[in-house]
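For the sequence shown, position 27 matches number 28 in my numbering, and the numbering has no gaps at all.
Cβ atoms here follow ideal geometry from the backbone N, Cα and C, with glycine treated the same way.
Computed from a predicted structure; not experimentally measured.
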Amino acid sequence: MSLPQGGGSSCGEGKLMTDASGLRSIVSEQMNDTRAALIQEIKQCGQCTVEHLSDCLQITPTAVRQHLATLERDGLVGRTKATPQGVGRPGYVYRLTSRAQDLFPASYRQFALDLLTGLIELDGIGKVEQLFERRRRLMAAQYRPHLEGKPFAERIAELARLRSQAGYMTGWEQLDDNMFLIREAHCPLIGVAETCPQLCHEDLRMFADLLGANVVIQEHMASGDSRCCYRVTPVGS
C-alpha cells in the first residue's frame, strides 16, 4: 500500500530494499519488539499510514494504533493528517520525531576524532588548542550567571548540577572548611579527551575561574582511572 498522494516517501511496490536487521536489533533492545518494528518501518519509509503498518507487520489496525499511541506518548512518533483520498474522514500519516533518531546508530564520536586528528595533521595542535579555549569561554559564559553571588560551597553545588545536566554525572563533597572534592563518573567526550588532553586542561581552567579556586586533578578517566576527581580549595585559603 502506498501513502496518500503528496505524503512524501512511499513504501509500496518497488521500494528500496535494505538489510535493516542490525538496526532493528538495536532498537529492539530498548523497547517492545512490535513497537521496534513500527519504528523501523517508519524509519525506512519516512512516513506511514496505519493501514500500511498493519499490512507490513500483519497485526490489526487497532493494535497498530495502540502501539503508535504509546510511541506518541513517549515522544518518538508524531502524526499529521493525510491528504484526503475519496470519501470519508482523512486518516493520519506517522513520522519519527528527532528524539527517535537517537535510537539508531550514530558515528559522531568517530567523526569528531577524525576531524581533530585531521586538523592536527593539517595545522598542528595549536589550532585545536584554540578551539578548546573557545569552547571553555563559551561554557564559562553559560555557567557564570548561575554561580555569581553565591557562597563558595553553593557555587560548587551549582557547577556540579550544571555539569550533570551536560552528562558528566557530577557529585561533590566537602572535606573540611576549605577543601572540597568534585567527582565525575562519566565523560561524554572521553574519546576526544584521550586524543587531546588539552580538553581536560581547559575544563580545569574553567573550574578554577568560575569557582575562584585552586583545582588539582586527582583521578583522570582519560589516563585510565574509573572517574575524574578534582580537589578544590578557595584561592587564598
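query	result
K128: first and last residue of the uninterrupted alpha helix (DSSP H) it sits in	126–148
Contact under 8 Å by Cβ, T81 with V94	yes
Rounded C-alpha distance that separates L117 from A223	16 Å
Separation of D204 from D226, as counted between CA atoms	17 Å
C-beta atoms of R100 and I43 nearer than 8 Å	no
Close-in-space but distant-in-sequence residues of the same chain around I157 (CB under 6 Å, 5 per side omitted)	W173, F181
Classification of Q48 by the beta-carbon crowding that lies within 10 angstroms, buried from 16 upward	buried
Cβ pair L77, T98 closer than 8 Å	yes
Contact check, R228 vs E220, beta carbons under 8 Å	yes
Beta-carbon gap between C201 and A209 smaller than 8 Å	no
Endpoints, the alpha helix (DSSP H) within which C188 is located	Neither: C188 is in no alpha helix (DSSP H) and is coded neither H nor E.
Sequence-distant residues of the same chain with beta carbon closer than 7 Å to L163, five excluded per side	Y144, H147
Element boundaries [beta strand (DSSP E), containing D177]	171–177
Beta-ladder partner(s) of T50, from DSSP	V94
Residues of its chain near T196, where Cβ-Cβ distance is below 8 Å and the 5 sequence neighbours each way are ignored	L114, L117, T118
Whether E159 touches M170 by CB criterion (8 Å)	no
For C230, the three-state DSSP class (helix, strand or coil)	strand
Segment limits, beta strand (DSSP E) that includes R80	78–82
Closest by C-alpha distance to C57, when choosing among T71, G125, A38, Q111	A38
Reference A214; option with closest CA among A167, A154, Q199, L190	A154
Assigned exposure category for E161 - 16 Cβ within 10 Å defines buried	Checking the sequence, you will find Ala at residue 161 rather than Glu. Result: buried.
Residue span of the alpha helix (DSSP H) that contains I157, given as start and end	153–166
Pairwise C-alpha distance: L54 and E73	15 Å
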